[in-house]
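Chains A and B supply the protein sequences, listed in that same order. Count along the first sequence from 1, add 1, and you get the number used in this note's numbering. Count along the second sequence from 1, add 1, and you get the number used in this note's numbering. A virtual CB, placed ideally from N, CA and C, is assigned to each residue, including glycine. Shown next, in structure tokens, is the structure this report addresses.
2 protein chains.
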Amino acid sequence: MRDRGLRALDQVAVRAVGVAAAREVTDVVGPRHFLHAGPPLALDELPGPMRGAVIGALVFEREARSPDDAQRLLDAGEVTLSCNHETGGAGAMAGVVSPSMPVLIAAGDDGGRAFSPLNEGLGRALRFGASGPDVLARLEWMRDVAAPILNGALEAVEGIDVTALQAEGLRRGDECHNRNVASTAALIALLAPSIARVAPTSEDAAGVLEYMAGNPHFFLTFSLASCKVVADATHRGGTPGLVTAICSNGVRVGLRVSGLDGWVTAPAPVGRAKLFDGFTIDDACPMMGDSFITETIGLGAFALSASPAIGSFIGTTPEEARAIVEQMRSICHATSSRFLIPAEGFRGTPMGIDVTLASQAGIAPLVNNGLAHRQPGVGQVGAGVSRLPLGLFAEAAGDLAASSGEPDR
Amino acid sequence: MRDRGLRALDQVAVRAVGVAAAREVTDVVGPRHFLHAGPPLALDELPGPMRGAVIGALVFEREARSPDDAQRLLDAGEVTLSCNHETGGAGAMAGVVSPSMPVLIAAGDDGGRAFSPLNEGLGRALRFGASGPDVLARLEWMRDVAAPILNGALEAVEGIDVTALQAEGLRRGDECHNRNVASTAALIALLAPSIARVAPTSEDAAGVLEYMAGNPHFFLTFSLASCKVVADATHRGGTPGLVTAICSNGVRVGLRVSGLDGWVTAPAPVGRAKLFDGFTIDDACPMMGDSFITETIGLGAFALSASPAIGSFIGTTPEEARAIVEQMRSICHATSSRFLIPAEGFRGTPMGIDVTLASQAGIAPLVNNGLAHRQPGVGQVGAGVSRLPLGLFAEAAGDLAASSGEPDR
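Below you can see the structure in the form of structure tokens.
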């Protein structure tokens, strides 16, 4: 591909190289300065799960003695928030990152770097806004026990090729956004020998291996950090009009587009969902998280036909999955040469979403979406494939035309 | 399903419960009495790879001081061979099992048990007839280090549900015969914590985890032992005319059929193959191994459309894979309720091959096939999907009609 942005999107290879406290990776975080998912938002706008996560992070960082105390700090405006995406990171769901939280570090062969917070696991978790003693105890164990072992194991193997694992994931029925179970197992197979070697005790090794194996989304952190490296390289590539981030903060969904400064935003939709038993659509928080970065680089919904097994989880048939991927081809500039769909005879996934193509075709991208409960700490209530607001793309295309001095086509 | 044989085929659940020396699992093996793959054959008929494996096993068991010495014993007829399948086992390729070799033990919820030798890994291996010092050193390490750790880990987790792993394998692009890479990783994820705990040293734990992770077919042993338990339960079910084993010894391919005693055999074909670089079809040994037991219970070629990624390995397109599974439905009595193909909207795989249906339709089953080099120790030269000789099914159907006193239809 001659185009520099598309070439980066297709070819930048990314390795997971370490795990460290967020404060060692970025100086944007501080004692009461945390990161969050999605485009910027004000403290008084925080949706329930994100508010819960900030409260939990304040207690975790010992800035508050209790959740009540943390709530007072938050209501008094004594907290600063910045976006993951503007800090070189990407986090699932609330995506809240505080200074001592362990994050995975990914490095691209173009010199780019990005991070993503380690995934806590299923059930009650900070990323859904839970902040109870069990949630904080797990975060402390992740910080004190798991993070140094994982970092040591990654160093021992001289990093893991995440883009290769994603490509192999498509051969194993993962789309590397909402289905990560096979890639998680692949990652365990690659790291387990070194984990056994570097852990201070066999019980610590066993604990870390159980933590990884007990969470089918453990790989998601790796996928997000890798996608963020690739997307940032694409953004720097300078081809105007390519989507280089899709993210949402539970209030507004945002697009980052190469050639445009800042964010194009729209109210966040709840999206189409297959709800877990016992929940209604009124329980769901509108779209939230940075994990749509996977769709940005040709995974997730853009690779849905590689993952027929996800159908029972998100409520799609194999035919719908194929139709979705086919439709996404019409708003993309290229076909991946490395993310191949075996069931389509190893044809690449569509990649390089162009805001003008989407706007002209009247086709907004689809994204795989996990839905959090509106209330902090309840957890996930469903999953689905959701259409982004078309207005985002019309606005971005207009801004682009205006900035280039051309009339809006 | 009302039919007892088909019900067993569909429902017997199998757990991997331990690893032990073959002599502790069956008293058929002895100092110079080994097991082999396929239907019975005489010492002077042994194809190259099987002959090499017997020679290696004699040295491994210290019955011979050298391969030359072993060859003299073999040529003097001082070795006895029995079939795996008649001893409750199933082994890939040459399938040679000697008394101190470690075998996996599988137990069905119907009380049935079966075993399969641990897979040595890629490259030079006894199952392809290699018997050099490297091959024997690895077997010794497997016997002395890996086997007790794996046994301890299996006991610590109270066994592993192999039929559930096979079902999940189909969701991860494995057909559990020629593609086992995702299921191998799943198995590592399940066992790694216990391996870390039970290994005498962290280096032993790391060594066992590397051995498992370094072999994309490690799971095959588990798959074969499990399929053998299910197939034996089906055989005991008594429904006449169901295929309950397909196996080959490199000279003759054999069928075991419920309601018939002994084996129906035909000359082993080489089959259709996609050859690895540098080999021609003349290098290939005719079909060899017990691993076609997977097709017998609705996996392997009978689940090929669940494994589009295998196409580049065996030379099939996704369309051919779907057509193969569809054709196999026409000679099977039932559809699996647990082995589901996500890309077919979670339709079950065909199972319960009926010799009369196959004979009448003129359609012999297809099997996935790994091809060994004719010469001992060279290794695998290719893989493919191969048609069994139709004559086997006509003969079995005739025998069945004769034995039931009915005229051959």
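- In the three-state scheme derived from DSSP, where H, G and I count as helix and E and B as strand, B/I364 is classed as coil.
- Runs of the beta strand (DSSP E) spanning 3 or more residues and lying entirely within the stretch 43 to 122 of chain A occur at 81 to 84, 103 to 109, 114 to 118, in chain order.
- With a beta-carbon spacing of about 12 Å, B/P50 and B/M288 fall beyond the 8 Å limit used to define contacts.
- Approximately 19 Å separates the beta-carbon atoms of B/N85 and B/N369; this is outside 8 Å, ruling out the contact.
- Per the DSSP secondary-structure output, B/A285 pairs in a beta bridge with B/H374.
- Using a CB distance cut-off of 8 Å, A/E159 does not count as an interface residue toward chain B.
- For the stretch 182 to 193 of chain A, residues whose beta-carbon sits nearer than 8 Å to a beta-carbon of chain B comprise V182, A183, T185, A186, A187, I189, A190, L191, A193.
- At least one CB of chain B lies nearer than 8 Å to the CB of A/S313.
- Taking the Cβ atoms as the reference, B/A359 lies roughly 12 Å from B/P351, outside the contact range of under 8 Å.
- B/P309 belongs to the set of residues whose beta carbon lies under 8 Å from a beta carbon in chain A.
- Exposed is the label assigned to B/G346, since fewer than 16 other Cβ atoms lie within 10 Å of its Cβ.
- Spatial neighbours of B/G383 in its own chain (CB-CB distance under 7 Å, excluding positions within 5 residues in sequence) are listed in chain order as A274, K275, L276, F277, F280, A285, L372.
- Counting the other CB atoms within 10 Å of its CB gives B/L127 a total of 16 or more, which places it among the buried residues.
- Between A/F394 and A/L74, the alpha-carbon positions lie close to 38 Å from each other.
- Among the bridge pairs identified by DSSP, B/H34 is matched with B/G31, B/T81.
- A/V199: member of the alpha helix (DSSP H) spanning 182 to 199, first to last residue.
- When Cβ pairs closer than 8 Å are counted between the two stretches, the stretch 231 to 249 of chain A is seen to touch the stretch 386 to 402 of chain A, the count reaching three or more.
- B/A322 sits close to B/S306, with the two beta carbons spaced by under 8 Å.
- The beta carbon of A/P390 is closer than 8 Å to those of V254, A267, P268, P270, A365 in its chain, skipping five residues each way along the sequence.
- Following the DSSP letters along the chain, one finds A/F340 in no alpha helix (DSSP H) but inside the beta strand (DSSP E) bounded by residues 333 to 342.
- In the DSSP assignment, B/P351 falls outside any alpha helix (DSSP H) and lies within the beta strand (DSSP E) extending over 348 to 354.
- Using a Cβ distance threshold of 8 Å, A/A232 and A/T297 count as a contacting pair.
- Here A/E176 is buried, its C-beta having at least 16 other C-beta atoms within 10 Å.
- For secondary structure counted as the alpha helix (DSSP H) over 4 or more consecutive residues, the stretch 195 to 250 of chain A holds these complete runs in sequence order: 203 to 214, 219 to 238.
- For the options A/A187, A/A91, A/P41, the alpha carbon positioned closest to that of A/G251 is the one of A/P41.
- Between the stretch 198 to 210 of chain B and the stretch 220 to 231 of chain A, the count of Cβ pairs shorter than 8 Å is below three; the stretches do not touch.
- In the same chain as B/T185, and ignoring 5 residues on each side of it, the C-beta atoms closer than 8 Å to its own belong to M213, A214, N216, P217, H218, F219, F220, in chain order.
- Selection A/E79, A/A403, A/G96 evaluated against A/E87 yields A/G96 as nearest (Cα-Cα).
- Around the C-beta of B/S292, 16 or more other C-beta atoms lie within 10 Å, and the residue is accordingly described as buried.
- Within chain B, no residue has its CB atom less than 8 Å from the CB of A/E87, the nearest being about 35 Å off.
- Nearest CB-CB separation between B/L36 and chain A: not below the 8 Å threshold.
- Taking a Cβ-Cβ threshold of 7 Å, none of the residues of chain A is close to B/L166; the smallest such distance is about 11 Å.
- Within the stretch 221 to 250 of chain B, no residue has its Cβ closer than 8 Å to any Cβ of chain A.
- Boundaries of the beta strand (DSSP E) around B/A267: 265 to 268.
- Taking a contact to require three or more Cβ pairs closer than 8 Å, the stretch 88 to 107 of chain B and the stretch 11 to 31 of chain B qualify as touching.
- DSSP lists B/K275, B/G371 as the beta-bridge partner residues of B/A384.
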